[in-house]
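Structure first, commentary second.
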Amino acid sequence: MRHLRHEVGETYLGDPVEVPVTVINGEHDGPTVFLTAAIHGDELNGVKVLQEVADGYDPAGIHGTLVCIHVCNVPGYLAQQRYLPIYDQDLNRSFPGKPRSNTAERMANAIYETFIRQCDLGLDFHTSTRGRTTMYHVRADMGNPEVARLARSFGSNVILSGEADAGSLRSVATTAGTPTITVEMGRAHRFQPELIERGLEGVESVLAEYDVRPGEPVAYPGWRRIVDAATDKTWLRADSGGLVEMAYDAPLVYEGDAVCTISDHFKTRERTVRAPFTGLVVGALQNPVAAPGHPLCHLVSVDEDTAAEVQREIDSGEFSERPWV
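Heads up: the sequence shown runs through residues 1 to 325, numbered per the UniProt record's numbering.
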């Protein structure tokens with residue numbers, strides 16, 4: 001096991017910008033798995049997941065190698081903001097990068113060529129952006145069989161299926177032959193222990209599936225919904241400006257249910273936003289003000305059987321996730 005800091009750039013003062021990395025090289029042969037966090041600098045749940053992974057595994061029990069890049073976007077992390085503070089560049093639209101380009105592409109290239117290209121599969125941890133929250137779910141190109149195997153083995157209930165944005169780590173690594181999924185979990189700027197624990201369980205399940213931890217069980221959820229990103233989801237958006245109040249108690253909403261209300265400051269005008277179909281609220285606005293066009297919630301459809309199972313879990317207290325809290 002080695003903890004190290006790898007230089008990916010320099011500051012205005014000429015001091016090195018170094019990403020913290022842990023490499024656990026197992027005593028037995030097996031695949032090389034990368035885990036990345038804080039590609040967006042204010043997304044912290046994944047940072048805690050990787051800290052626990054780096055501390056929780058011993059080389060004697062590993063078949064293969066784990067590569068944990070604890071904080072990819074160090075400048076953004078230091079400023080506690082999403083993008084690189086230099087010109088507001090998005091590191092997750094800059095892969096595989098170039099050694100002679102802008103700051104983001106140089107950093108992306110140093111990370112990709114040094115660590116990612118050598119790996120066999122990858123887990124990239126994210127949260128929602130500032131002012132929003134997201135339900136725990138995986139994003140993956142389920143049309144790719146190797147990616148689908150990885151996504152299923154992670155064990156999340158919801159998988160949002162579709163190709164990733166150009167320049168994202170998931171897109172570039174997968175295209176190059178390293179199946180990669182994105183794990184979305186909660187809110188920026190904080191640790192959420194329940195989601196972190198689920199993330200650690202997902203890592204353990206993946207390592208079991210690929211025999212990095214042979215003999216350990218692969219976790220499968222009681223229900224799973226694979227969502228077609230093109231047809232099975234929508235963002236509900238505000239048609240009027242005002243103060244937003246969420247109107248539901250659990251992530252499952254039925255067609256016609258009130259999702260939220262938008263009212264003016266005098267409370268003389270109030271608009272109710274209703275669910276256009278039965279589905280799960282996987283993302284929600286946290287900032288309680290909106291202007292026309294602002295996203296209010298991310299809704300994915302579910303069939304009757306899935307809705308019934310989710311409702312059963314809600315009624316029995318098994319479904320405890322409340323991502324907007």
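Heads up, the beta-carbon is just placed ideally off N, CA and C, and yes, glycines get one too.
{"Check": "Pair within 9 Å by beta-carbon distance, Thr32 and Leu50", "Outcome": "no"}
{"Check": "Distance CB(Phe95)-CB(Val147) smaller than 9 Å", "Outcome": "no"}
{"Check": "Ala54 vs Gly46 beta-carbon contact at 9 Å", "Outcome": "no"}
{"Check": "Simplified DSSP state of Ser316, which is helix, strand or coil", "Outcome": "helix"}
{"Check": "Closest Cα partner of Thr65 within the set Asp42, Gly97, Ile24 and Asn102", "Outcome": "Ile24"}
{"Check": "Which of helix, strand or coil DSSP assigns to Pro75", "Outcome": "helix"}
{"Check": "Segment limits, alpha helix (DSSP H) that includes Met142", "Outcome": "Counting along the chain, Met142 falls outside any alpha helix (DSSP H), and DSSP gives it neither H nor E."}
{"Check": "Nearest-angstrom Cα separation, counted from Tyr12 out to Asp228", "Outcome": "44 Å"}
{"Check": "Residues that Ala235 bridges to, as DSSP identifies them", "Outcome": "Note that residue 235 is Trp in the sequence shown here, rather than Ala. In DSSP, Trp235 forms a bridge with His298."}
{"Check": "Backbone secondary structure at Asn287 - three-state DSSP", "Outcome": "coil"}
{"Check": "Cα-Cα separation between Val325 and Gly56, rounded to whole angstroms", "Outcome": "Any reading at Val325 must be qualified, since the residue scores a pLDDT of 48, below 50, and its modelled position is unreliable; no value is offered."}
{"Check": "Chain-order list of residues whose beta-carbon lies under 7 Å from that of Glu163 (same chain, five-residue window excluded)", "Outcome": "Asp141 and Ser171"}
{"Check": "Asn287 burial status per 10 Å Cβ neighbour count (16 or more: buried)", "Outcome": "exposed"}
{"Check": "Pro59 to Val21 span [Cα, whole Å]", "Outcome": "16 Å"}
{"Check": "Assigned secondary structure, Pro20 (DSSP; H/G/I helix, E/B strand, else coil)", "Outcome": "strand"}
{"Check": "Val203 versus Phe154: straight-line alpha-carbon distance, rounded", "Outcome": "7 Å"}
{"Check": "Buried/exposed call for Pro217, threshold 16 Cβ in 10 Å", "Outcome": "exposed"}
{"Check": "Residues bridged to Thr114 [DSSP beta-bridge criterion]", "Outcome": "Answer is none; Thr114 lacks a bridge partner."}
{"Check": "Beta-carbon proximity check, Leu44 vs Thr127, cutoff 9 Å", "Outcome": "yes"}
{"Check": "Three-state class that DSSP yields for Ala173 in the structure shown", "Outcome": "helix"}
{"Check": "Bounding residues of the alpha helix (DSSP H) (the contiguous stretch that carries Gly46)", "Outcome": "Asn45 to Gly56"}
{"Check": "Proximal residues to Lys48 (C-beta, below 7 Å), its chain only, five neighbours per side dropped", "Outcome": "Phe191 and Ile196"}
{"Check": "Neighbour-count burial assignment, His137, 16 or more Cβ in a 10 Å radius", "Outcome": "buried"}
{"Check": "Selected residue, minimal CA-CA separation from Ala104, among Cys72, Phe115, Gly122 and Arg117", "Outcome": "Cys72"}
{"Check": "Exposed unless 16 or more other CB atoms sit within 10 angstroms - verdict on Val289", "Outcome": "exposed"}
{"Check": "First and last residue of the uninterrupted beta strand (DSSP E) at Ile262", "Outcome": "Ala258 to Ser263"}
{"Check": "Alpha-carbon to alpha-carbon, Trp223 and Ser156", "Outcome": "9 Å"}
{"Check": "Exposure label - Phe34; buried when at least 16 CB within 10 Å", "Outcome": "buried"}
{"Check": "Straight-line Cα distance separating Arg82 from residue 333", "Outcome": "The chain is shown only over 1 to 325; residue 333 falls outside these bounds and no answer can be derived."}
{"Check": "Cα-Cα separation, Pro295 to Ala284", "Outcome": "8 Å"}
{"Check": "Contact set for Val302: own chain, Cβ-Cβ below 8 Å, skip 5 residues either direction", "Outcome": "Arg225, Leu252, Thr278, Gly279, Leu280 and Val310"}
{"Check": "Distance between Arg271 and Leu121 (C-alpha atoms, nearest Å)", "Outcome": "46 Å"}
{"Check": "Own chain, CB closer than 7 Å to Cys68, minus 5 neighbours either side, in chain order", "Outcome": "Val21, Thr22, Leu35, Leu50, Val53 and Ala54"}
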